[in-house]
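Q:
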Amino acid sequence: MKICFLISKFDCSQKGGGQVNIMYLNKYYRERGIDSFVITNLLKGQKYFENDNGMKIYRVKFGKRGYVKDALDIIKRENVDLIHSFVCYPPTIRICFNSKIKLGTKIIFSLIGKIGEQQNSILKFFTILFSDKMTIMCDYGKESFISVPILNKKYEYVPNGIFLENFSPSKKKKNIILSVGRIHRQKDYATLIYGFMNLQPRFKNYKLVIVGSVEDKEYLNELKNIIKDDMSGIKDKVIFLSDISEDKLSRLYSDAKLFVLSTTHEMFPAVVLESMASGTPVIASDNTGVPESVGDAGITFEEGDCEQLGLIMDRLLDDKKAYGELVKKGLEHSRIFGFKDMAEGYIKIYRKYIKSP
Numbered sequence: 031m032k033i034c035f036l037i038s039k040f041d042c043s044q045k046g047g048g049q050v051n052i053m054y055l056n057k058y059y060r061e062r063g064i065d066s067f068v069i070t071n072l073l074k075g076q077k078y079f080e081n082d083n084g085m086k087i088y089r090v091k092f093g094k095r096g097y098v099k100d101a102l103d104i105i106k107r108e109n110v111d112l113i114h115s116f117v118c119y120p121p122t123i124r125i126c127f128n129s130k131i132k133l134g135t136k137i138i139f140s141l142i143g144k145i146g147e148q149q150n151s152i153l154k155f156f157t158i159l160f161s162d163k164m165t166i167m168c169d170y171g172k173e174s175f176i177s178v179p180i181l182n183k184k185y186e187y188v189p190n191g192i193f194l195e196n197f198s199p200s201k202k203k204k205n206i207i208l209s210v211g212r213i214h215r216q217k218d219y220a221t222l223i224y225g226f227m228n229l230q231p232r233f234k235n236y237k238l239v240i241v242g243s244v245e246d247k248e249y250l251n252e253l254k255n256i257i258k259d260d261m262s263g264i265k266d267k268v269i270f271l272s273d274i275s276e277d278k279l280s281r282l283y284s285d286a287k288l289f290v291l292s293t294t295h296e297m298f299p300a301v302v303l304e305s306m307a308s309g310t311p312v313i314a315s316d317n318t319g320v321p322e323s324v325g326d327a328g329i330t331f332e333e334g335d336c337e338q339l340g341l342i343m344d345r346l347l348d349d350k351k352a353y354g355e356l357v358k359k360g361l362e363h364s365r366i367f368g369f370k371d372m373a374e375g376y377i378k379i380y381r382k383y384i385k386s387p
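In terms of the working numbering, the sequence shown is residues 31 to 387.
(1) State yes or no: is the C-beta of Arg89 within less than 8 Å of the C-beta of Thr70?
(2) Quick check on the burial criterion: 16 or more other C-beta atoms within 10 angstroms. Buried or exposed for Glu337?
(3) Rounded to whole angstroms, what's the CA-CA distance from Phe35 to Lys350? Just pull it up for me.
(4) Under DSSP, the alpha helix (DSSP H) around Arg390 begins and ends at which residues?
(5) When we look at the beta-carbon of Gln230 and count the other beta-carbons within 10 Å, is it buried (16 or more) or exposed?
(6) Quick check: what's the CA-CA separation for Lys57 versus Met85?
(7) How would you label Phe79, buried or exposed, when you count the other beta carbons within 10 angstroms and need 16 or more for buried?
(8) Can you look up Phe355 in the DSSP assignment and give me helix, strand or coil?
(9) Among Asp111, Phe116, Val98 and Glu108, which residue has its Cα nearest to the Cα of Phe127?
(10) Quick check on Leu194: does DSSP put it in helix, strand or coil?
(11) Going by alpha carbons, who is nearest to Arg60 out of Ala373, Lys202 and Gly75?
(12) Buried or exposed for Lys258, going by 16 or more other Cβ atoms inside 10 Å?
(13) Rounded to a whole number of angstroms, what is the C-alpha to C-alpha distance between Leu339 and Gly191?
(14) Using DSSP bridges, identify the partner residues of Leu141.
(15) Helix, strand or coil: which one does DSSP assign to Lys370?
(16) Apart from the five residues on each side of it in sequence, which residues of its chain come closer than 6 Å, Cβ to Cβ, to Ser65?
(17) Three-state secondary structure (DSSP) at Leu73?
(18) Shortest alpha-carbon distance to Leu288 belongs to which of Ala352, Leu194 and Pro121?
(19) Touching or not, the region 320-339 and the region 295-311, by the rule of three or more beta carbon pairs under 8 Å?
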């Protein structure tokens with residue numbers, strides 16, 4: 031069995047989203063004797079081909095004349111049985127369509143990011159039409175495609191999953207409020223920073239640590255200006271980390287007193303589960319697929335409401351009983367979403383369409 035992962039961009043240093051899922055799936059599949067590789071867009075400064083710890087990554091320039099042929103040449107040369115696409119994007123849909131028609135390749139599409147307002151109904155329709163099966167992580171994923179009735183016959187639930195063994199609670203928490211995710215407007219870190227400013231004076235010894243690759247330098251500068259112009263003295267208390275090891279990230283999850291996800295939209299964010307598995311209570315915005323990932327094991331606040339966020343952080347840091355209950359609920363909730371279950375869910379679907387072992 032050979033699987034081709036298709037995604038719009040791929041950076042091996044990325045700490046979240048579909049890219050991380052693909053890296054972990056590739057590793058897990060190798061252990062199960064399943065061969066897989068990646069085809070993605072060629073961005074400035076990237077190589078056409080690289081092998082990252084046993085994972086082959088091919089890059090073609092999406093949109094450039096001949097890119098579909100280049101992708102099909104790779105798919106044919108690698109003798110691919112199935113394409114597993116993690117993006118609904120015109121260039122990747124063209125690759126899937128041509129591979130299905132010309133090579134007879136089976137197509138699985140996984141909806142892992144927001145699509146409703148970003149893509150039109152025609153794009154949704156063709157994504158579904160060319161897919162043999164679609165997978166969604168939560169009910170919000172289904173709602174994103176609700177206008178296309180054929181979906182009811184094509185989708186299966188495969189919830190997000192994490193490597194539970196990589197995360198464990200710390201016996202002694204530090205005065206850290208943590209957030210993890212790329213530096214992008216979608217993450218709405220401005221609300222988080224303003225909420226942090228609203229903490230009661232007795233919590234002013236806390237630090238806010240934001241971990242994520244910088245995708246929007248202009249937005250990062252805006253955030254730094256907010257911090258710079260603030261008169262409450264948080265200038266040296268907000269820390270941005272863009273390149274840290276998995277071990278250090280795991281320690282941060284465990285050490286942090288609170289985790290906050292102030293995003294404007296997500297499908298089923300793994301960072302919520304990783305925080306809970308580390309014994310760190312989660313506060314998250316109440317939009318899109320976030321409430322489903324949080325369940326009753328965390329607290330949600332109205333998107334963009336920094337005052338409400340500040341009050342919730344104050345309350346949790348003050349109330350040891352409520353804090354302890356959330357730690358317990360979070361640990362129990364996270365155990366439901368192991369990475370192995372997600373990977374085996376995909377494999378089960380693959381085997382419905384591939385005859386080879």
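Using N, Cα and C, we set each Cβ at its ideal position, and we do this for glycine too.
Treat the numbers as computed from the prediction; the structure is a model and nothing was measured.
A: From the atom records:
(1) yes
(2) Exposed, by the Cβ-count rule.
(3) Phe35 and Lys350: Cα-Cα distance of roughly 45 Å.
(4) Shown here, the chain extends from 31 to 387; a query on residue 390 therefore has no answer.
(5) exposed
(6) 8 Å
(7) exposed
(8) Reading off the sequence shown, one finds Glu at residue 355, where the question assumed Phe. Helix at Glu355.
(9) Val98
(10) For Leu194, the secondary structure class from DSSP, reduced to helix, strand or coil, is helix.
(11) Ala373
(12) exposed
(13) 27 Å
(14) Ile166
(15) helix
(16) It is Asp, not Ser, that sits at residue 65 in the sequence shown. The answer, listed in chain order, is Lys32.
(17) coil
(18) Ranking Ala352, Leu194 and Pro121 by Cα distance to Leu288 puts Ala352 first.
(19) yes
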